[in-house]
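Q: Pasting a structure below so you can have a look.
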Amino acid sequence: MFGLVCSAWFVLSVLAGSTTSHCTVTFPENKKGVGIYNVTFNNVHYCEYLGVRYATSARFRDPVLYKPKNHEQYNREGSICPQMNELSYADAINGDEDCLFLNIYGPQYDSKKAGFGGFPVLVFIHGGSFQLGSASFEFSGADLLVEKETIVISVNYRLNVLGFLHYPPYNITGNYGLKDQQAAMMWINQYVKFFGGDPNRVTLMGQSAGAAAVSYHLYSDRSRGLFQQAALLSGSFLAPWAYTYRPEYFAEQYFKATGITSLQQLYDRNASDLIMLNDWIGSYYFSRFITWTLPTSEADDDPNPFFTASPQEMSIRKRALDVPLLVGKTLLEYETAMLYHSTPTQRINVPNRWSQKVWDKLISYIDVNVQQFKEKGLIANQREFTIKASNNFNLNFPLEHSIDQLVAKGHTAPIFLYRFDFDGKFGMYKNDVIKSQLIDTRYGAVHGDDLGYIFNPYILREALNRKKNYQKEWKVHDRMSEVVANFVKFGFI
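Listed below in structure tokens is the structure:
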């Protein structure tokens, strides 16, 4: 029976996964693009458009919006942006600099139907510490969201040195990854209607670093009008890993280590060398590894600054875009996978150069608290304290403080909060990505596990072939996709 079910599902996918007139897009000037006619795992037909170019870019330059040509073929994904192959722990670089693509998944529709104004649109910004990830890494499809009449779009953007190097002496302003995301939203605003989407009903959602990016867009004047709702999952721009205070210092250290002495040498090196050489430069903030190639403030007189103040300054002094928000986190986040350090060692990426006396006082304060917590039975040892503190410093406090700051500045649109606890087999991170790093088997979802219940599970075929073994997972998947779809469609959950 298992073989029959598996074969039937495979044949159905092959037959449906074809380019036909059902998924032909007609742009202005009668230019056409062709996608893939497919079916969801519930046998509902839909269209997917893969490898849709939204912009072009030269190295260390702002993206240039792309105008679709005739006979565009959207039948395979575009290249991911250059990055370390961290998941395989191999010293290898994947991707290509020609990488500004997005993928679109949408219901079938009749544009001539009376009253049809377009489906609501969910734009997903992937995580990965601004160093890795792609439009497809954490994204195995969005079948249930599409069935619930939502268009889902996932986006590539530049990463690492190529996306976030900031060095004004070379006229490298940085934040290119954020500007790529903004270019994608501009492209979507202009062209999504031809895919059946409503450009006035766009929800921008990000997870982890993607959520931090969404925070930046909420405060960016340049992003206003490009989305009408936002969702932040397990991340905020107030997190210490989402912003670098001393980009020029780090860039100079990088240049010294790599022997780069001119802008021309930066252009002459291939992307693999630039990223591989950057991999050694990093630091820890209460056990979370971060690098220096992160979003940072640009100068007011830069030609096209994305933002010019720190996240802390923006959250205090500036009012964010007043739109409905969905904010989520998981029960454990990184509590069960903190293996890096047992004490805080980050001493450079802070708002000001704290003296050694300040750090000594901080460490002494932590030691006192560790002892008190141990005596009260709240923790077993210093490692447990560091793990809990790390979760608070890196995820819980920044996310909650972001909401506090929004409310303090007069945010009036509704804000919905969820905590995802369910510990099931669709959680890709706990069951696969960080499985080898887990230090206990406590019940609860970890960082990123909720994505497996919003989008297609990473073990989709296995879960379909053995549905009885995944009954709870399917129920939670249906509920989580409903929560997100309701928010995207109606602005509430």
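Heads up: the sequence shown is residues -16 to -1, 1 to 477, going by mature numbering (1 follows the signal peptide of the UniProt record, and there is no 0).
Glycine included, every Cβ here is placed at the ideal spot set by N, Cα and C.
1. Out of Asp182, Phe148, Ser118, which one is the CA nearest neighbour of Gly99?
2. Go ahead and label Gln191 buried or exposed: buried means 16 or more other beta carbons lie within 10 angstroms of its beta carbon, across all protein chains shown.
3. Using only the alpha-carbon positions, how far apart do Phe148 and Lys456 sit?
4. Got a sec? Which residues, its chain only, sit under 8 Å from Tyr73 by beta carbon, not counting five neighbours each side?
5. Note down the Cα distance separating Val430 from Met189, rounded to an integer number of angstroms.
6. Assuming residue 499 and Ile137 make a contact with CB atoms under 8 Å, what is their CB distance in whole Å?
7. Among residues of its own chain, excluding the 5 on either side of Val467, which ones have a beta-carbon nearer than 6 Å to its beta-carbon?
8. Buried or exposed, going by whether 16 or more other CB atoms sit within 10 Å of the CB of Val472?
9. Just checking my contact of Ile259 with Pro66 at CB under 8 Å: how many whole Å lie between their CB atoms?
10. Can the beta-carbon of Tyr442 be found closer than 7 Å to that of Val460?
11. Under the rule that 16 or more other beta-carbon atoms within 10 Å means buried, what is Tyr151, buried or exposed?
12. Looking at the structure shown, is Ser113 part of a helix, part of a strand, or coil, going by DSSP?
13. Do Pro104 and Thr134 have their beta-carbon atoms positioned less than 7 Å apart in this structure?
14. Hey, is the segment 391 to 406 in contact with the segment 346 to 358, meaning 3+ C-beta pairs nearer than 8 Å?
15. Just checking Leu86 against the ligand NAP - is the residue's beta carbon closer than 6 Å to any of the ligand's heavy atoms?
16. Please classify residue 521 as buried or exposed, where buried requires at least 16 other C-beta atoms within 10 Å of its C-beta.
17. Going by DSSP in three states, Pro308 sits in which element: helix, strand or coil?
18. Nearest-angstrom Cα distance between Arg142 and Gly161?
19. Mark Tyr349 as exposed unless 16 or more other C-beta atoms lie within 10 angstroms of its C-beta, in which case mark it buried.
20. Taking its Cβ as the centre, do 16 or more other Cβ atoms sit within 10 Å of Glu359, making it buried, or is it exposed?
21. Just verifying my parser: in three-state terms, what is the DSSP assignment at Asp182?
A: From the atom records:
1. Against the sequence shown, residue 99 aligns to sequence position 115. The shortest Cα separation from Gly99 among Asp182, Phe148, Ser118 belongs to Asp182.
2. Indexing the sequence shown from 1 puts residue 191 at position 207. Gln191 is buried by the Cβ-count criterion.
3. Within the sequence shown, residue 148 is the residue found at index 164, counting from 1. Within the sequence shown, residue 456 is the residue found at index 472, counting from 1. Cα to Cα, the separation comes out at about 41 Å.
4. Position 89 of the sequence shown, counted from the start, is the residue given in the question as residue 73. Because the pLDDT of Tyr73 is 48, which lies under 50, any placement of that residue in the model is unreliable, and the number read from its coordinates should be weighed accordingly. Closer than 8 Å at Cβ, skipping near neighbours: no residue.
5. One-based indexing of the sequence shown puts residue 430 at position 446. One-based indexing of the sequence shown puts residue 189 at position 205. The alpha-carbon atoms of Val430 and Met189 are separated by roughly 19 Å.
6. Absent from the model: residue 499. The displayed extent of the chain is -16 to 477, so no value can be given.
7. Here residue 467 is taken as the residue at index 483 of the sequence shown, counted from 1. Result list for Val467: Ile477, in chain order.
8. Against the sequence shown, residue 472 aligns to sequence position 488. With at least 16 other beta carbons inside 10 angstroms of its own, Val472 counts as buried.
9. Residue mapping note: residue 259 aligns to position 275 of the sequence shown, counting from 1. Residue mapping note: residue 66 aligns to position 82 of the sequence shown, counting from 1. Confirmed, Cβ separation roughly 6 Å.
10. Counted from its first residue, the sequence shown places residue 442 at position 458. Counted from its first residue, the sequence shown places residue 460 at position 476. Taking 7 Å as the Cβ cut-off, Tyr442 and Val460 do not qualify as a contacting pair.
11. By 1-based counting over the sequence shown, the position of residue 151 is 167. Buried, because 16 or more other Cβ atoms sit within 10 Å of the Cβ of Tyr151.
12. Working through the sequence shown from its first residue, we reach residue 113 at position 129. Note: Ser113 maps to coil in three-state DSSP.
13. Indexing the sequence shown from 1 puts residue 134 at position 150. Indexing the sequence shown from 1 puts residue 104 at position 120. In contact: Thr134 and Pro104 (Cβ atoms closer than 7 Å).
14. These segments do not touch.
15. The ligand NAP is not part of this structure, which contains no ligands at all.
16. The structure shown has nothing for residue 521, since the chain only spans -16 to 477.
17. The residue given as residue 308 occupies position 324 in the sequence shown. Residue state, collapsed to three classes: coil.
18. Here residue 142 corresponds to residue number 158 of the sequence shown, with the count starting at 1. Here residue 161 corresponds to residue number 177 of the sequence shown, with the count starting at 1. Approximately 5 Å between the Cα atoms of the pair.
19. Taking the sequence shown and counting its residues from 1, the one referred to as residue 349 is at position 365. Counting other Cβ atoms within 10 Å of its Cβ, Tyr349 stays below 16 and is therefore classed as exposed.
20. Here the question's residue 359 lines up with position 375 in the sequence shown. When all chains shown are included, Glu359 counts as exposed.
21. Residue mapping note: residue 182 aligns to position 198 of the sequence shown, counting from 1. Strand, per DSSP.
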